[in-house]
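All remarks here apply to the structure that follows.
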Amino acid sequence: MTVPVVPSCWEHIVKKAEIAFLAPAQRGLSDGVGLMRHGRLACSLYWSATLPGHQLELAICTERIESTATRPRKITAWITRQLAVTKRYAGHQRGADWLGIGFANTHEALSFLGHYHDVRIGLLNPDDLYREGAAILMSPPRMVALPAAEPAEASNSLVAIPPSSIAEIETEASLLHQFRQATAHIPAKSEADQLARQQVGLDLIRKALLRLHVTRCDLTGLGDPALLCVTHLKPWSACTDAERMDLSNVLLLATHVDMAFCSGLVSFDDDGCLLMSSEYGDYCRYRGISVLTGALRLRQPDADMCKYLAWHRANVYHRAPSWWLSGLATRPRT
C-alpha cells in the first residue's frame, strides 16, 4: 500500500473525513488520499487534477456507507439531491457505485463533512437539511470546545431549588400566569409567533432561576452566563403551557450539554446519573468537545422531574427525532 503524503493544508480536512466516514486508514493516491475501512476504500479526497473552480473533490462509495442511525440509501439520496441542484459534480468519477462532489474551498468541504457526520449518527435528518440549492454548503451549528466540568469547588456550589421557593414563585404571580399574561397579545399561528412566545417563556424561566440563585450548569458547574441556556426535559414543542412553565421540567445547562441532551445523545436516570448513547463519543470527537464523564450527575431529581426525565428517555434519548432537531439550530437561546 502506498504511504500517503498529505500536505499540511489538507491534514485537518483528512482527519475530519476519517471521523465522518469511519475510515481511519489511509492509502496514498497519485493526486490525493484514499480512506479505508476494513481494508476497503470507503472514500477518496483529491486536491490536484480537480475541475476548474474546485479546490477539493470527494468521492464516496455508496456501497460502503456505514451509518448507525440513517439508512445508507437515504444518505445517498440526500447527496444525490444536493448534487442535482448545486451541479458540483467532481471530475474524479470512480464508477457507478461512487458519488463525486466538488468544493470551492475548505469551508464548503468542512460544512459537508459536518452534515454527513451528523446525518450518519442520527443527529440530523437529511430531509430537514434540504434547502433548494444551498443545503450542501450550509454551515453546521457552531459548537464551542468547553471543559467537561468546572473545578470541584464550583460544582459543589450548585444550589438545589427548595420546594418552598418554588411555591413562592407559583403563588399569586405564578410563572404560568405571567406567561399567559405576557403572551396574550401574541397569536400562535405562524412559526415566528411560536418562537416569540417561546422566547417570552424562556426569559421568564431564566429570571425565576436567577431569583433562586441557580446560576451554574446543573451538571458541570460551568458558571459563564454566556454559555448557559434553559433546557426543557420534555421539549417545548411537545409541552402544554403548564408543562412549559413547570420548573421541574427545566435544567440550566452549558450549551454543549444542552446540544447533546436535546439531540438524544445523553440523558439522565431517576437518580440524576448521566446516561450516554453509543454515538455520543463520536459526536464529541468530530467537534473537538470534551466528553462528559459518567461521574457527573444532577442534584437528586424529585418525583415531578423524574416524570419528565422518563419522557426524555422514552422519546428523545438514542432517537434524535427530526421533529425536534430540525428546529434546534434556530430555537431561542437565553
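To get this note's numbering, take the position in the sequence shown, counting from 1, and add 1. We put the CB at the ideal spot given by N, CA and C, even for glycine. All values derive from a computational prediction rather than experimental measurement.
Asked	Found
Compute the beta-carbon to beta-carbon distance between L266 and Y281, rounded to the nearest angstrom, for a pair I have assumed lies under 8 angstroms.	4 angstroms
Under the three-state reduction of DSSP, which class applies to T221: helix, strand or coil?	coil
Using a 10 Å radius around the Cβ and a threshold of 16 neighbouring Cβ atoms, would you call D119 buried or exposed?	buried
Please list the terminal residues of the continuous alpha helix (DSSP H) segment that includes Y287.	Y281 to R288
For A135, I'd like the list of residues in its chain whose CB is within less than 6 angstroms of its CB, leaving aside the five on either flank, ordered along the chain.	Confidence at A135 is low in this model, with a pLDDT of 40, below 50, so the placement of that residue is unreliable and no value is reported for it.
Where does I14 sit, in a helix, a strand or coil, going by DSSP?	helix
Should the region 80-92 be called in touch with the region 28-41, which here means at least 3 C-beta pairs below 8 angstroms?	no
By the three-class DSSP mapping on this structure, what secondary structure does V258 have?	helix
Leaving out the 5 sequence neighbours to the left and right, which residues in its chain are closer than 7 angstroms to Q195 when beta-carbon positions are compared?	A189
According to DSSP, simplified to helix, strand and coil, what is E67?	coil
Return the CA-CA distance between H319 and R207, expressed in angstroms with no decimal places.	28 angstroms
From the DSSP secondary-structure annotation, give me the bridge partner or partners of A60.	S45 and G101
Hey, how far is the Cα of N106 from the Cα of G33?	16 angstroms
Grab the span of the alpha helix (DSSP H) containing H186 for me, first residue to last.	That residue, H186, is in no alpha helix (DSSP H); it is neither H nor E in DSSP.
Considering Q27, what are the terminal residues of the beta strand (DSSP E) in which it resides?	A26 to L30
Do you know how far the Cα of N126 is from the Cα of Y284?	15 angstroms
Where does V215 fall in DSSP's three states?	coil
So, A227 versus V201, is the Cβ gap smaller than 8 angstroms?	no
How long is the line joining the alpha carbons of C274 and S264, rounded to whole angstroms?	18 angstroms
Please classify I167: does DSSP put it in a helix, a strand, or coil?	Any reading at I167 is ruled out, since the residue's pLDDT is 48, under 50, leaving its predicted position unreliable.
What separation, rounded to the nearest whole angstrom, lies between the Cα atoms of I14 and L252?	36 angstroms
Measure the alpha-carbon distance for L147 versus L111 and round it to whole angstroms.	Unreliable placement is indicated for L147, whose pLDDT of 48 sits below 50; the coordinate value is still reported in the next sentence. Whole-angstrom Cα-Cα distance: 20 angstroms.
Per the DSSP calculation, H233 is bridged to which residue(s)?	V251
Which residue comes first and which comes last in the beta strand (DSSP E) that contains V34?	G33 to R38
Exposed or buried, which one is G222 when buried takes at least 16 other CB atoms within 10 Å?	buried
In the DSSP output, which residue or residues are listed as bridge partners for R274?	Per the sequence shown, residue 274 should be read as Cys rather than Arg. Paired residues: R298.
Give the DSSP bridge partners of S291, in chain order.	DSSP output for S291 lists no bridge partner at all.
Compare the Cα-Cα distances from D259 to each of G123, D305 and L229 and report the closest residue.	L229
Could you say if the region 49-56 and the region 67-78 meet the contact criterion of at least three C-beta pairs nearer than 8 angstroms?	no
Quick check: what's the CA-CA separation for I102 versus G289?	25 angstroms
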